[in-house]
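Colleague: Take a look at this one; I'll ask things after.
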Amino acid sequence: MAANSEPMNVSINVPEVKLSSASGHRKMPVIGLGSAVDNIDESAMKSAVLESIKLGYRHFDTASLYGTERALGEAIAEALKLGLVASREELFITTKLWCSDAHRDLVVPALKKSLKTLQIEYVDLYLIHWPMSAKPSEKLRNDIPEEDLVSLDYNGVWEAMEECQRHGLTKSIGVSNFSPKKIETILAFATIPPTVNQVEMNPAWQQRKLVEFCKSKSIIVTAFSPLGAVGSSWGTNQVMNNEALKQIAAVHGKTVAQVPLRSFFPFSLNSL
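Everything in the sequence shown is counted per our numbering, starting at 1 for the first residue and increasing by one.
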């Protein structure tokens, strides 16, 4: 947008889906704003969240690893102060348990730490970020040395996730980057089954077998980077520069971005 242009007066009405094992029959907006970035600019992140709320976004996704919980929390507080939302309950907030905290006795403290950083009393969805564990560490890092990786205690960690939900620290629990086999491991003993599996998914990587499996288990699949996350270290231009998608968009009078988002409805999560 040009510096002297008028702001767009646009708002969106986002449909919701019911989460199967959530407390209080919580529903999740099907479009959300992700906050994973390579280089964190907290001021820009806060502004992006506030503008998104003005446009009608109500679902925001973060993680302890991302380092964006603080900026998101400040944006939520500002949105409430400005009256952009009437109450915290209007927002759906997701955060995640990092590998170095994926231990039975560290799950609850990790979520409490995230809640303090977010400045809220609960999240709506808490996910195990990856199906792996690492040695406990104060510093969260994505490039975990191989010697620090340890076997994930599926039973103990999931019991602690269930404890988080029973204590009201989160309305629902789920997983991220889990295969059908790993989900089956949890389902074998879970008393509160995972309600969401968040994975990378876009027209170039559709993960159809995983989607069908999750559907059979009443697990919502949330797609991160549905637009390919072009410009990020993990991203690709195979979506936004796809000629077939451009042609489909032109025929229907839509943007290229709208095509993959609509194709993955009702599960999609935008990234910044």
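C-beta: ideal position from N, C-alpha, C; glycine also.
Only a predicted model underlies this, so the values are computations on that prediction, with no experimental measurement involved.
Between the segment 196-214 and the segment 163-177, do at least 3 Cβ pairs fall closer than 8 Å?
Modeller: Judged by Cβ distances under 8 Å, the segment 196-214 makes contact with the segment 163-177, as three or more pairs qualify.
Colleague: Helix or strand or just coil, what does DSSP make of GLN258?
Modeller: Looking at GLN258 - three-state DSSP - the assignment turns out to be helix.
Colleague: Please state whether DSSP places LYS27 in a helix, a strand or coil.
Modeller: Looking at LYS27 - three-state DSSP - the assignment turns out to be strand.
Colleague: Quick one: what's PHE60 bridged to in DSSP?
Modeller: Note: PHE60 sits in a beta bridge opposite LEU33, ILE93.
Colleague: According to the neighbour-count rule (16 or more other Cβ atoms, all chains shown, within 10 Å of its Cβ), is GLN247 buried or exposed?
Modeller: With fewer than 16 other Cβ atoms within 10 Å, it is exposed.
Colleague: TYR126 bridges to which residues according to DSSP?
Modeller: Looking at the DSSP assignment, TYR126 forms a beta bridge with THR95, ILE173.
Colleague: Looking only at C-alpha atoms, which of LEU84, LYS181, PRO226, PRO109 sits nearest to LYS96?
Modeller: Checked all of LEU84, LYS181, PRO226, PRO109; the closest Cα to LYS96 is PRO109.
Colleague: Within 10 angstroms of its Cβ, does ASN270 collect 16 or more other Cβ (buried), or is it exposed?
Modeller: Reliability fails at ASN270, whose pLDDT of 49 lies under 50, so the model's placement of it is uncertain and the value that follows must be treated cautiously. By the neighbour-count rule (16 or more Cβ atoms within 10 Å), ASN270 is buried.
Colleague: Alpha carbon to alpha carbon, how far is ASN237 from HIS167?
Modeller: Approximately 43 Å between the Cα atoms of the pair.
Colleague: Quick one: give me the first and last residue of the alpha helix (DSSP H) that GLU78 is part of.
Modeller: That run of the alpha helix (DSSP H) goes 69-82.
Colleague: Between LEU91, SER47, HIS25, SER23, which lies nearest to VAL14 when the distance is taken from Cα to Cα?
Modeller: It is LEU91 whose Cα lies nearest to the Cα of VAL14.
Colleague: Quick one, which of MET28, GLU78, SER64 has its alpha-carbon nearest GLU51's?
Modeller: Answer by Cα proximity: GLU78.
Colleague: I'd like to confirm the pairing. Which residues does DSSP put opposite ILE220 in its beta bridges?
Modeller: Paired residue(s): VAL196.
Colleague: Does the distance between the C-beta of GLN198 and the nearest non-hydrogen atom of the ligand ADP fall short of 7 Å?
Modeller: What this structure holds is no ligand at all, so the ligand ADP is not there to describe.
Colleague: Give every residue of the same chain whose Cβ lies closer than 7 Å to the Cβ of TRP158, excluding the five residues on either side of it in the sequence, and list them in chain order.
Modeller: Excluding sequence neighbours, TRP158 sits near ILE186, ALA190.
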